[in-house]
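Q:
Residue numbers (our numbering): 583 to 1026.
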């Protein structure tokens, strides 16, 4: 088919030319293009792009050098330029594009990533778990749990689980420690840590979610203790207290200033069964009126035997007010001591005559005492009936005035006993009141 305005020539000469094309400011030389029509290259002078031109690199040799200047003439129309190499280049380009697209599709994967309890689907070209996480804008920290491992390979449809670590500032019965957990709730964390909390007291709701930045958690375990308060019967108490002091406060057991508790109030309560004993100590003051015995004023009398006494004037007792400090333990008084006293009434002295006359026959009485009681003026017989060095029975001692000296002879002095013995001897007319020893000593 002929073009309008195209005039064929009888003499058609084939010519070969090279067309320079500039790409990124570098000359790329294309191989010869055959023009069977003569005249100008189709498209005219000054064309900047030659579609279908084949670079020399596609031909295997460079051929002869040709004139690179544009050909003279005007645009013409005529039969198509030979385009075998043009078609080959286009086909090669299409193959590259098609193959690259297929490869990209094959590398794209859809994986499911579960972060804590939230799922998301991610498209990624990565081939490993950590690459997929990176595609999702995620990363696994040292305290996180990741499955599969970070460098494990993935395929389309893989599932990745990331559990992020959360820090717990845990206080158990007053003892603090820092732990990390991937649990999402308080209850789950307690199970992960292997902590039984039956009856335990928690500072947070068991179902509370643990924030990513962590939280503080106070756990008070259940304990059973024995409490003894002030001597009352012991009782068992279930408690979540962490110290003895906290338990007493919980049980409304108040300690007064002088009370004591064992063990010490700061002692921590552990799982071991413990007995706590409170001792109630009270210091009180009391005031009493007390009689003051009259003092004895002695008047010596040489007409009376030594050891003899005679009351001249009885005198009168006085009175004083005494303040005592009393100590009681668990309600029982254990000690009473005088703090101070004040005299309310002065006593009137008791006047007594005291004999100074030497006792006659004192040596005789000493010999009798040696025989009766081995010379012991404070002796008491084995049956408790006879007293003193001369072994007076109670009835005889009182009958002859010995009660003025002492209730029984063994509590009186030697001289006082001799004075009473002299009265007995004189009234009975001899030493027969001591039959065995007086006979042995030849006194009758």
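Even glycine gets a Cβ: it sits at the ideal position worked out from N, Cα and C.
Could you have a look at residue 868 and say whether DSSP puts it in helix, strand or coil?
A: Looking at residue 868 - three-state DSSP - the assignment turns out to be strand.
Q: Just tell me which of 726, 706, 727 and 730 has its CA closest to the CA of residue 719.
A: Comparing Cα positions, the closest option is 706.
Q: Starting from residue 1002, follow the alpha helix (DSSP H) in both directions and report where the run begins and ends.
A: Residues 996-1010.
Q: By Cβ distance, which residues of its chain are closer than 8 Å to residue 906, with the 5 residues on each side in sequence left out?
A: So the list reads 867, 868, 869, 870, 918, 919, 920 and 921, once near-sequence residues are dropped.
Q: Excluding the five sequence neighbours on either side, which residues of its own chain have a C-beta within less than 7 Å of the C-beta of residue 903, listed in chain order?
A: 869, 871, 923, 924 and 926.
Q: In this structure, does DSSP put residue 943 in helix, strand or coil?
A: Coil.
Q: Return the Cβ separation of residue 969 and residue 990 in integer angstroms, given the expectation that the two are a contact with Cβ distance under 8 Å.
A: So it is a contact: roughly 4 Å between Cβ atoms.
Q: Taking the straight line between their C-alpha atoms, what separation do you get for residue 778 and residue 734?
A: Their backbone Cα atoms lie some 36 Å apart in a straight line.
Q: Considering just the uninterrupted stretch of the beta strand (DSSP E) at residue 762, what are its terminal residues?
A: Taken as a continuous stretch (DSSP letters only), the beta strand (DSSP E) holding residue 762 covers 757-763.
Q: Would you kindly report the start and end of the unbroken beta strand (DSSP E) that includes residue 856?
A: Where residue 856 is concerned, the enclosing beta strand (DSSP E) stretches over 856-861.
Q: Just list the alpha helix (DSSP H) runs in the region 691-756, keeping only unbroken ones of 4 residues or longer that don't cross its boundaries, in chain order.
A: Correct list: 711-717.
Q: Mapping the DSSP letters down to three states, classify residue 781 as helix, strand or coil.
A: Correct three-state label for residue 781: coil.
Q: Give the secondary structure of residue 937 by DSSP, where H, G and I count as helix, E and B as strand, and everything else as coil.
A: Of the three classes helix, strand and coil, the one that applies to residue 937 here is strand, per DSSP.
Q: If residue 801 sits next to residue 753, beta carbons under 8 Å apart, how far is it from one beta carbon to the other, in whole angstroms?
A: Indeed they touch by this definition, with Cβ atoms about 7 Å apart.
Q: Could you tell me if residue 840 is buried or exposed, where buried requires 16 or more neighbouring beta carbons within 10 angstroms of its beta carbon?
A: Exposed, because fewer than 16 other Cβ atoms sit within 10 Å of the Cβ of residue 840.
Q: Cα separation between residue 761 and residue 914?
A: Their Cα atoms are separated by approximately 52 Å.
Q: My output table needs one value for residue 1026: the three-state DSSP class, helix, strand or coil.
A: In this structure, residue 1026 counts as coil in the three-state DSSP scheme.
Q: My assumption, with CB atoms under 8 Å, is that residue 941 sits in contact with residue 892. Please give the rounded CB distance.
A: The pair is not a contact, with the Cβ atoms about 16 Å apart (cut-off 8 Å).
Q: Around the C-beta of residue 758, are 16 or more other C-beta atoms found within 10 angstroms, so that it is buried, or is it exposed?
A: Residue 758 is exposed by the Cβ-count criterion.
Q: If you follow the alpha helix (DSSP H) that residue 835 is part of, which residue opens it and which one closes it?
A: Premise fails: residue 835 is in no alpha helix (DSSP H) and is neither H nor E.
Q: Among 698, 697, 714 and 722, which one has its Cα closest to the Cα of residue 689?
A: Nearest of 698, 697, 714 and 722 to residue 689, Cα basis: 714.
Q: Can you tell which of 966, 1003, 1021 and 994 has the C-alpha that lies nearest to the C-alpha of residue 982?
A: Residue 1003 is the option with its Cα nearest to residue 982.
Q: In terms of DSSP beta bridges, what is residue 910 paired with?
A: DSSP lists 864 and 915 as partners of residue 910.
Q: Below 8 Å, can you find three or more Cβ-Cβ pairs linking the region 720-729 to the region 738-752?
A: Enough Cβ pairs lie closer than 8 Å, so yes.
Q: Could you tell me the distance, in whole angstroms, from the CA atom of residue 938 to the CA atom of residue 880?
A: Roughly 12 Å between the two C-alpha positions.
Q: Can you tell me which residues form a DSSP beta bridge with residue 900?
A: 874, per the DSSP bridge assignment.
Q: Residues in its own chain within less than 6 Å of residue 781 by CB, not counting five upstream and five downstream?
A: Excluding residues within five positions, the ones whose Cβ falls inside 6 Å are 804.
Q: Which of the three DSSP states is assigned to residue 1020 in this structure?
A: It is helical.
Q: Starting from the C-beta of residue 795, find all residues in its chain whose C-beta is less than 6 Å away, skip the five residues before and the five after it, and write them out in chain order.
A: Excluding residues within five positions, none has a Cβ falling inside 6 Å.
Q: Which class does residue 992 belong to by DSSP, given the choice of helix, strand or coil?
A: Residue 992 falls in the helix class under three-state DSSP.
Q: Between residue 826 and residue 843, how many whole angstroms is the CB-CB distance? I'm expecting something under 8 Å.
A: Right, the Cβ-Cβ distance comes to about 6 Å (below 8 Å), so this counts as a contact.
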